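**Student:** Dropping a structure here in structure tokens format, bear with me for questions.
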Ligand code: FAD
């Protein structure tokens, strides 16, 4: 339990100056307010400020400075490392700031800093438009975009951060400014893939593209005993697929009694999931080869509303379950890498865990490396290792499995990882420095300029386990 050392009068006074609730450790809603998506995270903030708008955010930042508190920002609360919350500091919680305004003429959307991708899709699809988000609609726009943003439209339209036109920010000094390609350009660079820690983004302006209302999708599952063969075929398929096609593969038991027949529910499976950003008739043809690799166990592929596809995986990641995810950018899908993917998928301690291969390339490589802080553009694939389990007694074995897998798979990678699948950032600054390469110094420069006293230090990986 957090012991707040802040004077009671200061908190009372703070509450009178903001519209949102200030939640204290002795408040009934404290446990709910401090909890995030990952049930592994159990942190006790000194206070949680549920902001309702920019004025509240400015006041919260001032309050943190006046009371010598460090601050974290809660966007969608879905970071696996739990960096939205902290021990003993102030959580600036934006989860009540979820409005989205669409300009259908300009094809832009202005999104508040606590919105989820479901909020964005809901508004933009009313105009047949979309911007690339993630593959689960409950995740926050903020954290996902600040770390890059790898979703179902990436090969055609790039990363979420590539589609940013500007951000509105409250800095550590409480200044409100806009960063874009034309103003505060270096800060804008840092917010596109650098992972935050430079201020509170209260608004994101995104470019929109025509998408939906229906899209052709592929979601097909095959027996995992032939995972190697299917992954080889997948490698060939993505090498010639058009940019409209974006896919990933997932290997694991994926035990789900409601979905699979009893005789295969506990067997290893390999699935391919993706969609086509273009006319559904063309998409059905373009995705067909992935559905014809062999005899499927199940094939859920269909032309469906874009919003439905965006929510397809939501139920698989319930709030409060236990999660530990890491990643590596792969140099390629070599024969040995494929063998090892199958091995690690087979040895997962939890039947809910998977080893995933995300196709990159396409529009992601159209952006110059130094244009944004995102560093994964060079890689053809991203390897994601997801440990998902229910019982806290199994924490160690699941975390160990992910770490062993990453250690082994490093032979197929330059060792860099995706900031949004970071484990618990245990590699600290050294891992970040090696992942960001030359961009690291630029990020440190921004940190010194915009947060010299380290108000938002807890957002940064090295110290996030606090
Ligand atoms: P939070 O935990 O709220 O925030 C993450 C970090 O960003 C924290 O350090 C926080 O302080 C900071 N932050 C949050 N809001 C702001 C703000 N407004 N201003 C400044 N800093 C802020 N990633 C992908 O790229 N593609 C996917 O398809 C994808 N799928 C996912 C599915 C699930 C179920 C989950 C849990 C994660 C997924 N991710 C994916 C990873 C995701 O991008 C990260 O977990 C991301 O951090 C989530 O953002 P959030 O706003 O929900 O997180």
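In our numbering, the protein residues as written are 841 to 1306.
Beta carbons: idealized from backbone N, C-alpha and C, even for Gly.
Keep in mind it's a predicted model, so treat the numbers as computed, not measured.
Could you say which of 1087, 915, 850 lies nearest to residue 1075 if we only look at CA atoms?
**Tutor:** Checked all of 1087, 915, 850; the closest Cα to residue 1075 is 1087.
**Student:** Can you find a heavy atom of ligand 1 that lies under 7 Å from the Cβ of residue 990?
**Tutor:** yes
**Student:** Taking the alpha helix (DSSP H) that residue 1249 falls in, what are its first and last residues?
**Tutor:** 1235-1249
**Student:** If contacts are defined as beta-carbon pairs under 8 Å, then residue 1219 and residue 1169 qualify, I think. What distance do you get, rounded to the angstrom?
**Tutor:** Going by Cβ atoms, the distance from residue 1219 to residue 1169 rounds to 4 Å, so yes, they are a contact pair.
**Student:** Three Cβ pairs or more, each shorter than 8 Å: is that satisfied between the stretch 1054-1063 and the stretch 1010-1026?
**Tutor:** Touching, no, given that fewer than three Cβ pairs across the two stretches are closer than 8 Å.
**Student:** Can you give me the C-alpha to C-alpha distance between residue 1250 and residue 1181, rounded to a whole angstrom?
**Tutor:** 12 Å
**Student:** Would a C-beta distance cut-off of 8 Å place residue 1091 and residue 982 closer than the cut-off?
**Tutor:** no
**Student:** By how many angstroms is the C-alpha of residue 1101 removed from the C-alpha of residue 987?
**Tutor:** Distance from the CA atom of residue 987 to the CA atom of residue 1101, rounded to whole angstroms, is 38 Å.
**Student:** Assuming residue 1073 and residue 1133 are in contact, meaning their beta carbons sit under 8 Å apart, how far apart are those beta carbons, in whole angstroms?
**Tutor:** The beta carbons of residue 1073 and residue 1133 sit about 5 Å from each other, so the pair counts as a contact at 8 Å.
**Student:** Quick check: the Cα distance between residue 1107 and residue 1062, rounded to an integer number of angstroms?
**Tutor:** 10 Å
**Student:** Pull up the distance between the alpha-carbon of residue 943 and that of residue 958, whole angstroms please.
**Tutor:** 18 Å
**Student:** Taking the beta carbon of residue 1285 as the centre, do at least 16 other beta carbons fall within 10 Å, making it buried, or is it exposed?
**Tutor:** exposed
**Student:** Per DSSP, what kind of secondary structure is residue 983 in: helix, strand or coil?
**Tutor:** helix
**Student:** Which partner residues of residue 952 appear in the DSSP bridge assignment?
**Tutor:** 1043
**Student:** Residue 967: which of 1150, 1048, 1198 sits nearest, CA to CA?
**Tutor:** Among 1150, 1048, 1198, the Cα nearest to that of residue 967 belongs to 1048.
**Student:** For residue 858, which residues of its own chain have a beta-carbon under 6 Å away from its beta-carbon, when the five flanking residues on both sides are left out?
**Tutor:** 896, 899
**Student:** Distance, Cα to Cα, residue 1013 vs residue 946?
**Tutor:** 33 Å
**Student:** Please identify the residue among 1197, 1146, 1151, 1160 whose C-alpha is closest to the C-alpha of residue 1068.
**Tutor:** 1197
**Student:** Taking the C-alpha atoms as reference points, what is the distance between residue 909 and residue 1298?
**Tutor:** 11 Å
**Student:** My output table needs one value for residue 1187: the three-state DSSP class, helix, strand or coil.
**Tutor:** coil
**Student:** Could you work out which residue in 1011, 1162, 1004 is closest to residue 1290 when comparing CA atoms only?
**Tutor:** 1011
**Student:** Can you tell which of 1030, 1223, 1045 has the C-alpha that lies nearest to the C-alpha of residue 1210?
**Tutor:** 1030
**Student:** Heavy atom of ligand 1 less than 7 Å from the Cβ of residue 1185, yes or no?
**Tutor:** Not one heavy atom of ligand 1 sits closer than 7 Å to the Cβ of residue 1185.
**Student:** What's the gap between the Cα of residue 954 and the Cα of residue 1079?
**Tutor:** 37 Å
**Student:** Taking all protein chains shown into account, decide if residue 952 is buried (16 or more other Cβ within 10 angstroms of its Cβ) or exposed.
**Tutor:** Buried, since its Cβ has 16 or more Cβ neighbours within 10 Å.
**Student:** Leaving out five residues before and five after residue 842 in sequence, what residues of the same chain have Cβ atoms less than 8 Å from its Cβ?
**Tutor:** Confidence in residue 842 is poor, its pLDDT being 48 and thus under 50, which makes the residue's placement unreliable; the coordinate value appears in the next sentence. Answer for residue 842: 865, 884, 885, 886, 927, 928, listed in chain order.
**Student:** Would residue 1116 and residue 1093 be called neighbours here (beta carbons separated by less than 8 Å)?
**Tutor:** In terms of Cβ geometry, residue 1116 and residue 1093 do not form a close pair [threshold 8 Å].
**Student:** Check whether the Cβ atoms of residue 1163 and residue 920 sit closer than 8 Å, and answer yes or no.
**Tutor:** yes
**Student:** Is the CB-CB distance between residue 1275 and residue 1002 below 8 Å?
**Tutor:** With a cutoff of 8 Å on beta-carbon distance, residue 1275 and residue 1002 are scored as not near each other.
**Student:** So residue 1053 and residue 1151 are in contact, right, with Cβ under 8 Å, and what is the actual spacing, rounded?
**Tutor:** Not quite, the Cβ-Cβ distance comes to about 14 Å (not below 8 Å), so this is no contact.
**Student:** So, helix, strand or coil for residue 992, using DSSP?
**Tutor:** coil
**Student:** Closer than 6 Å by C-beta to residue 1070: which residues in its own chain qualify, once you throw out the five before and the five after it? Chain order, please.
**Tutor:** The residues are 1062, 1110, 1133.
**Student:** What are the complete beta strand (DSSP E) segments, minimum 3 residues, inside the stretch 1085-1129?
**Tutor:** 1085-1092, 1109-1116
**Student:** State the start and end residues of the unbroken beta strand (DSSP E) segment that holds residue 1063.
**Tutor:** 1054-1063
**Student:** May I have the straight-line CA-CA distance separating residue 1176 from residue 1112, to the nearest angstrom?
**Tutor:** 20 Å
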